[in-house]
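Trainee: So that we are looking at the same thing, I have put the structure below in structure tokens.
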Amino acid sequence: MNITLLGGVNEIGGNKILVEHKGTRIMLDFGMSFHTAYQYFSEFLQPRKCASLRDFFEFGLLPDIRGIYREDYVKHMGRPAETRDVDAVFLSHSHADHAQYIHFLRKDIPIYCTEASKIILKVLEETGSGRFTDFITMCEAFTFKPAARGGGLVRVDRRADEYVSERQFHVMQPDKKVKIGSLEIEMIPVDHSLPGSCAYIIYSDEGNLVYTGDIRFHGYHEDWSEKFVDKAAESKPRWFLCEGTRIDQLEGSSEEDVKKELSKIISKAKELVFVEHPIRDIDRLKSIYLAAKLNDRHLVISTKQAYLIKELGDLSPVKLSEVKILIPPKDWGLICKQGIDCSLLEKDYASWEKEFIQADNAITCPELQKNPKDYVVSMSLWALTELVDIQPKNAVWIKSSCEPFSEEMELDEERKKHWLEHFKIKEYSAHASGHASGKEIRAMIKKINPKELIPIHTEHPEAFV
Ligand SMILES: [Zn+2]
Ligand SMILES: [Zn+2]
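In this note's numbering, the protein residues as written are 6 to 470.
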């Protein structure tokens, strides 16, 4: 078996692992390296779509290999047509550092993942504002079509249904191995800070390979991670691709600790409580929901979170009917104007969020202002302008996310501090990492006991020695 690390080496994320065995070629994850991307690009200096893959190849954001990239991009950059040279991609979860570059893959490469991972990608595609988000469907780029009137050609855009196609997604079930050529692949759910996260065991006649994806042992699904370790040990792996985000750190807080800490802070709060957290970490949302409930408060979520929870259905531990949905003013801001017809109001919102405007549990900023003691509000740094409408008094802000790890994040944090100072909001923190601690990683390796250990997703591979 040949294992080529095309990303995720000496860095946290950007995992792209090519596994080759007797002519079978599979890829484990196809993520974005934040580190490399931020080295060369920023908010206002982005890789160009018009350059197709060239800007990405130039700085090694994408590996320059044949047979994996989408045909429209390959053609646009003047490369000769290629045939498919990877049999499948196995996705560990839908965080951008593992899944973002699916956008660039050929549409005939099958993608295997969990049901929740597929739903999250669908939601990201529908609600995301970023470019390069052809995750579930693919719209042919750089293509012209005959004009409806007057002859000539027009450009194809997303609305032209005949040029939009579905990618080949395959939802995996635990305990059901998938056979790809000479390999058999088993998916095992693990605990991490995103629903649908999983690890893989790849069986071959030359020995087995275990891949953790991103994993932790201190969330609500610790038992899943433990079960994975047992299964991985049983497979007596020859190779172990082990994530090591926090290999250099000892123990940390658990999700249960976070819930308790949140509850403690909320119990002392006099008026509104805002919680800043990774918006798609539904287990964290569950902690916030439970902490709010313990203090007789409602959890208020954003329309994006509402849409994700709705799409996840039974896979979400938080039910939509149990929370309030904040409808912020958008576009013309008609939501808080009296006597506006519903059809006019709807025009302010994206198609996926329209359904929440009239929901029984929808609320608006004036309600938060009127009854601040009744709510705990899930807040993102991109929604700070809502504070202007709420005009909070004696409010509390709980940072329930990781510390900034890039210059841009540090600037965001600095800017947030100004907002909090302006509204005299006091800040607290309560967080648990999505990744195993050094102690947890060591125990996992000891139990799995592979012949060869390959550190990935870590800035400290030397700590594995
Ligand atoms: Zn990751
Ligand atoms: Zn992750």
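A virtual CB, placed ideally from N, CA and C, is assigned to each residue, including glycine. Just so you know, these numbers come straight off a predicted model, no measurement behind them.
Output the boundary residues of the beta strand (DSSP E) element that contains residue 194.
Mentor: Within the sequence shown, numbered from 1, the residue matching residue 194 stands at position 189. 188 to 194 is the span of the beta strand (DSSP E), which, as asked, contains residue 194.
Trainee: List, from N- to C-terminal side, the alpha helix (DSSP H) runs of 4 residues or more that fit wholly inside the segment 97 to 153.
Mentor: As far as the segment 97 to 153 is concerned, its whole alpha helix (DSSP H) runs of at least 4 residues are 101 to 104, 120 to 132.
Trainee: Between the C-alpha atoms of residue 144 and residue 129, what's the straight-line distance to the nearest angstrom?
Mentor: For this step, residue 144 is matched to residue 139 along the sequence shown. For this step, residue 129 is matched to residue 124 along the sequence shown. Answer to the nearest angstrom: the Cα atoms are 15 Å apart.
Trainee: Tell me whether residue 282, by its Cβ, gets closer than 6 Å to a heavy atom of ligand 3.
Mentor: Of the ligands one can find in the structure shown, namely ligand 1 and ligand 2, none is ligand 3.
Trainee: Considering only DSSP beta bridges, list what residue 460 is partnered with.
Mentor: For the purposes of this step, residue 460 is taken as the residue at position 455 of the sequence shown. 247, per the DSSP bridge assignment.
Trainee: Within the chosen definition, does the segment 123 to 141 reach the segment 210 to 228 through at least 3 CB pairs nearer than 8 Å?
Mentor: With the cut-off at 8 Å, the segment 123 to 141 and the segment 210 to 228 do not touch.
Trainee: With distance defined between alpha-carbon atoms, name the residue in 351, 32, 210, 64 nearest to residue 46.
Mentor: Numbered from 1 along the sequence shown, position 41 holds the residue referred to as residue 46. It is 64.
Trainee: For the segment 341 to 400, which segments carrying the beta strand (DSSP E) assignment without a break, of at least 3 residues, lie completely within its bounds, in sequence order?
Mentor: Segments of the beta strand (DSSP E) lying fully in the segment 341 to 400: 380 to 384.
Trainee: Is DSSP giving residue 13 helix, strand or coil here?
Mentor: Counting from 1 along the sequence shown, the entry for residue 13 is found at position 8. Residue 13: coil per DSSP, three-state reduction.
Trainee: Does the distance from the C-beta atom of residue 195 to that of residue 245 stay below 7 Å?
Mentor: Reading the sequence shown from its first residue, position 190 is the one you call residue 195. Reading the sequence shown from its first residue, position 240 is the one you call residue 245. No, the Cβ-Cβ distance between residue 195 and residue 245 is not below 7 Å.
Trainee: Classify residue 456 as buried or exposed, calling it buried when 16 or more other Cβ atoms lie within 10 Å of its own Cβ.
Mentor: In the sequence shown, residue 456 corresponds to position 451, counting from 1. By the 10 Å Cβ count, residue 456 comes out exposed.
Trainee: So is residue 471 buried or exposed if we call it buried at 16+ other beta carbons inside 10 Å?
Mentor: For the chain, the structure presents residues 6 to 470; residue 471 sits outside this window and is missing.
Trainee: Using a threshold of 7 Å, state whether the C-beta atoms of residue 263 and residue 437 are closer than that.
Mentor: Looking up residue 263 in the sequence shown gives position 258. Looking up residue 437 in the sequence shown gives position 432. Yes, they are a contact pair.
Trainee: Give the C-beta separation of residue 460 and residue 249 to the nearest angstrom, bearing in mind that I take them to be a contact with Cβ-Cβ under 8 Å.
Mentor: Working through the sequence shown from its first residue, we reach residue 460 at position 455. Working through the sequence shown from its first residue, we reach residue 249 at position 244. Their Cβ separation, rounded to whole angstroms, is 5 Å, which keeps residue 460 and residue 249 in contact under 8 Å.
Trainee: Taking three-plus beta-carbon pairs below 8 Å as touching, is the segment 283 to 295 in contact with the segment 315 to 324?
Mentor: Judged by Cβ distances under 8 Å, the segment 283 to 295 makes contact with the segment 315 to 324, as three or more pairs qualify.
Trainee: From which residue to which residue does the beta strand (DSSP E) around residue 170 run?
Mentor: Position 165 of the sequence shown, counted from the start, is the residue given in the question as residue 170. 169 to 171 is the span of the beta strand (DSSP E), which, as asked, contains residue 170.
Trainee: Keeping to the same chain, check which residues put their C-beta closer than 7 Å to that of residue 131; ignore five residues upstream and five downstream.
Mentor: Here residue 131 is taken as the residue at index 126 of the sequence shown, counted from 1. The answer, listed in chain order, is 357.
Trainee: In chain order, what residues place their C-beta within less than 6 Å of a heavy atom belonging to ligand 1?
Mentor: That query returns the following residues: 18, 100, 102, 103, 219, 462.
Trainee: Looking at residue 366: is its Cβ nearer than 7 Å to the Cβ of residue 309?
Mentor: Start at 1 with the first residue of the sequence shown, and residue 366 comes out as number 361. Start at 1 with the first residue of the sequence shown, and residue 309 comes out as number 304. The answer is no: Cβ separation not under 7 Å.
Trainee: Residue 465 to residue 37, Cα distance in whole Å?
Mentor: For the purposes of this step, residue 465 is identified with residue 460 of the sequence shown, where counting begins at 1. For the purposes of this step, residue 37 is identified with residue 32 of the sequence shown, where counting begins at 1. Distance between the alpha carbons of residue 465 and residue 37 is about 19 Å.
Trainee: Helix, strand or coil for residue 415? Go by DSSP, reduced to three states.
Mentor: Stepping through the sequence shown from its first residue, residue 415 is reached at position 410. The answer is helix: DSSP assigns residue 415 an H, G or I state.
Trainee: Along the chain, where does the alpha helix (DSSP H) containing residue 449 start, and where does it finish?
Mentor: By 1-based counting over the sequence shown, the position of residue 449 is 444. From DSSP, the alpha helix (DSSP H) with residue 449 extends over 443 to 453.
Trainee: With contact counted as at least three CB pairs below 8 Å, one residue from each stretch, are the segment 183 to 193 and the segment 151 to 169 in contact?
Mentor: No, they do not touch.
Trainee: Count Cβ pairs between the segment 416 to 434 and the segment 297 to 306 that sit closer than 8 Å; are there 3 or more?
Mentor: Touching, no.
Trainee: Is it buried or exposed, residue 213, if we count other Cβ atoms within 10 angstroms and call 16 or more buried?
Mentor: Along the sequence shown, read from residue 1 onward, the residue named residue 213 stands at position 208. So residue 213 ends up on the buried side.
Trainee: Could you spell out where the alpha helix (DSSP H) holding residue 308 opens and where it closes?
Mentor: The residue given as residue 308 occupies position 303 in the sequence shown. Note, residue 308: alpha helix (DSSP H), 308 to 317.
Trainee: How do the segment 347 to 364 and the segment 153 to 160 stand: do at least 3 beta-carbon pairs fall below 8 Å, yes or no?
Mentor: Segments in contact, no.
Trainee: Nearest CA to the CA of residue 57: which residue from 12, 236, 434, 79?
Mentor: Reading the sequence shown from its first residue, position 52 is the one you call residue 57. Nearest C-alpha to residue 57: 79.
Trainee: Can you look up residue 304 in the DSSP assignment and give me helix, strand or coil?
Mentor: Counting from 1 along the sequence shown, the entry for residue 304 is found at position 299. Three-state DSSP puts residue 304 in a strand.
Trainee: What does residue 214 pair with, by DSSP beta-bridge criteria?
Mentor: Locating residue 214 in the sequence shown gives position 209, where the first residue counts as 1. Answer is 207, 244, bridged to residue 214.
Trainee: From residue 429 to residue 392, what does the alpha carbon distance come to, in whole angstroms?
Mentor: Here the question's residue 429 lines up with position 424 in the sequence shown. Here the question's residue 392 lines up with position 387 in the sequence shown. Distance between the alpha carbons of residue 429 and residue 392 is about 11 Å.
Trainee: What does DSSP give as the partner residues of residue 78 in its beta bridges?
Mentor: If you number the sequence shown from 1, residue 78 lands on position 73. Looking at the DSSP assignment, residue 78 forms no beta bridge with any residue, so it has no partner.
Trainee: Considering just the uninterrupted stretch of the alpha helix (DSSP H) at residue 239, what are its terminal residues?
Mentor: Reading the sequence shown from its first residue, position 234 is the one you call residue 239. Start and end: 227 to 239.
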